[in-house]
Amino acid sequence: MAVYLCHEQPDLYEHDATVLAAAPGRVVLDRSAFHPGGGGQVSDLGWLEHAGGVVPVVGIESIDGTVWHVLGDDVAPTGAVVVRVDADQRSRVAQLHTDSHILNALVFEQFPGTLVTGAQINSDGTGRMDFDLSEVDNDALRALDGGVNAVINQGLDVRSVYVDATEAATTKGLVRSLSVAPPPTPEGRLRIIDIQGIDRQACGGTHLSNTAQSAPFRITKVESKGKRNRRIRFALD
Ligand SMILES: [Zn+2]
8 MAVYLCHEQP
18 DLYEHDATVL
28 AAAPGRVVLD
38 RSAFHPGGGG
48 QVSDLGWLEH
58 AGGVVPVVGI
68 ESIDGTVWHV
78 LGDDVAPTGA
88 VVVRVDADQR
98 SRVAQLHTDS
108 HILNALVFEQ
118 FPGTLVTGAQ
128 INSDGTGRMD
138 FDLSEVDNDA
148 LRALDGGVNA
158 VINQGLDVRS
168 VYVDATEAAT
178 TKGLVRSLSV
188 APPPTPEGRL
198 RIIDIQGIDR
208 QACGGTHLSN
218 TAQSAPFRIT
228 KVESKGKRNR
238 RIRFALD
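Written as C-alpha cells, this is what we have:
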C-alpha cells in the first residue's frame, strides 16, 4: 500500500480524476481522495460527477490491489470525472475513530498490557472496540466515557507521523492491534497517529486534527464476548 491521498491531503474533498477502467456500476480512477476503509473502518462515501450526470459512490472494493469505486447504479462512466467525498460521513468516522484511540489509551493505562482484539467504525455514528480483558467489571468499563470526554475537552493535537517499521516493532505499545495497523509503505515506513501526550498508535484510518473537533462520546453498552473478550459499544452524542 502506498500512502493514501487522503493521508497526504486530509482536507481534500473534491478533485478532478480520470477513469482508468469501468464496468457497469464500478470504476477505477487515476487518483482518489476516498479512504478505502480497512482495519475496521468503513470506507468514505460520496459522489462521482461524470459526463452523464452524478452518481453516488457507495463503497470501495480492493480486488488484487486494484481499487474499485462502487457506484449507486449501473452506469459505466469514462473519461474525465469529478470526485466528491461526503464530508459529513468522513467527519463522523474521523470523530469515532479518534475517540476510539482515546478509549484504547485509557483502557491500556488502567489495565496495562490489554490487547485490542477487534474494532469497527460504522457510517451511522456508532462503533465498537473489543478488548482481551477477563477480570474487569463491566461497570468500570462503562464509566470510561467520562475520561474520553475529558480528553476531547482538553483540545489535544492529533498528528500523523511516519516512523521506521522495524523501530515501531520494538517500541512497546505502539502496535497494540495487528488487525488495525496499516502495512508499511514501500519505503518501510509505518504511519503513526500521535494524540499529544495520550497515545501513539500505528493506524491507517482517518482522524481529527484536534480532539476538540469531536462531539461528546458515549459508551452505550459493554458486553462479554466469550470468556476473555469485552465488547465496548459507543456512539457520538
Ligand atoms: Zn486510527
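8 is the number of the first residue of the sequence shown in the working numbering; add one for each residue after it.
Just so you know, even glycine gets a beta-carbon here, dropped at the ideal spot from N, CA and C.
No experiment lies behind these values; they were computed from the predicted model shown.
Quick check: the Cα distance between residue i and residue j, rounded to an integer number of angstroms?
| i | j | result |
| --- | --- | --- |
| cysteine 13 | isoleucine 128 | 17 Å |
| serine 186 | leucine 140 | A caution first: serine 186 carries a pLDDT of 49, below 50, which makes its placement in the model unreliable, though a value can still be read off. Cα to Cα, the separation comes out at about 17 Å. |
| tyrosine 20 | alanine 40 | 7 Å |
| serine 50 | aspartate 146 | 32 Å |
| aspartate 81 | valine 62 | 9 Å |
| asparagine 217 | glycine 79 | 33 Å |
| alanine 172 | leucine 151 | 31 Å |
| valine 143 | phenylalanine 115 | 13 Å |
| methionine 8 | alanine 29 | Bear in mind that a pLDDT of 42 at methionine 8, under 50, signals an unreliable position, so the number given afterwards is only what the model happens to contain. Spanning the two alpha carbons is a distance of roughly 22 Å. |
| asparagine 160 | valine 89 | 37 Å |
| tryptophan 75 | arginine 33 | 6 Å |
| aspartate 3 | alanine 24 | Any answer about residue 3 is impossible in this case: the structure gives the chain only from 8 up to 244. |
| glutamate 194 | valine 170 | 10 Å |
| lysine 232 | proline 119 | 20 Å |
| glycine 212 | alanine 58 | 32 Å |
| arginine 238 | threonine 85 | 44 Å |
| arginine 207 | threonine 177 | 14 Å |
| isoleucine 205 | serine 107 | 12 Å |
| valine 165 | arginine 99 | 16 Å |
| arginine 91 | arginine 235 | 42 Å |
| glutamate 230 | alanine 242 | 15 Å |
Counting along the chain, where does the alpha helix (DSSP H) carrying residue i start and finish?
| i | result |
| --- | --- |
| aspartate 95 | 94-117 |
| leucine 19 | Unbroken run through leucine 19: none, as it is neither H nor E. |
Starting from residue i and walking both ways along the beta strand (DSSP E), at which residues does that stretch end?
| i | result |
| --- | --- |
| glutamate 194 | From DSSP, glutamate 194 is part of no beta strand (DSSP E); its letter is neither H nor E. |
| histidine 76 | 73-78 |
| histidine 57 | 53-57 |
| lysine 232 | 224-232 |
| arginine 207 | 206-209 |
| serine 69 | 60-70 |
| glutamine 203 | Per DSSP, glutamine 203 belongs to no beta strand (DSSP E) and is neither H nor E. |
| alanine 242 | 236-243 |
| glutamine 127 | 122-128 |
| valine 34 | 33-36 |
### Task
Let me have the residue list for ligand 1: C-beta closer than 6 Å to any non-hydrogen atom, ordered along the chain.
Any residue whose Cβ sits closer than 6 Å to a heavy atom of ligand 1 makes the list: His104, His108, Ile200, Cys210, Gly212 and His214.
### Query
Quick one: complete beta strand (DSSP E) runs, 3+ long, within the region 137-173?
Qualifying beta strand (DSSP E) stretches, in chain order: 165-171.
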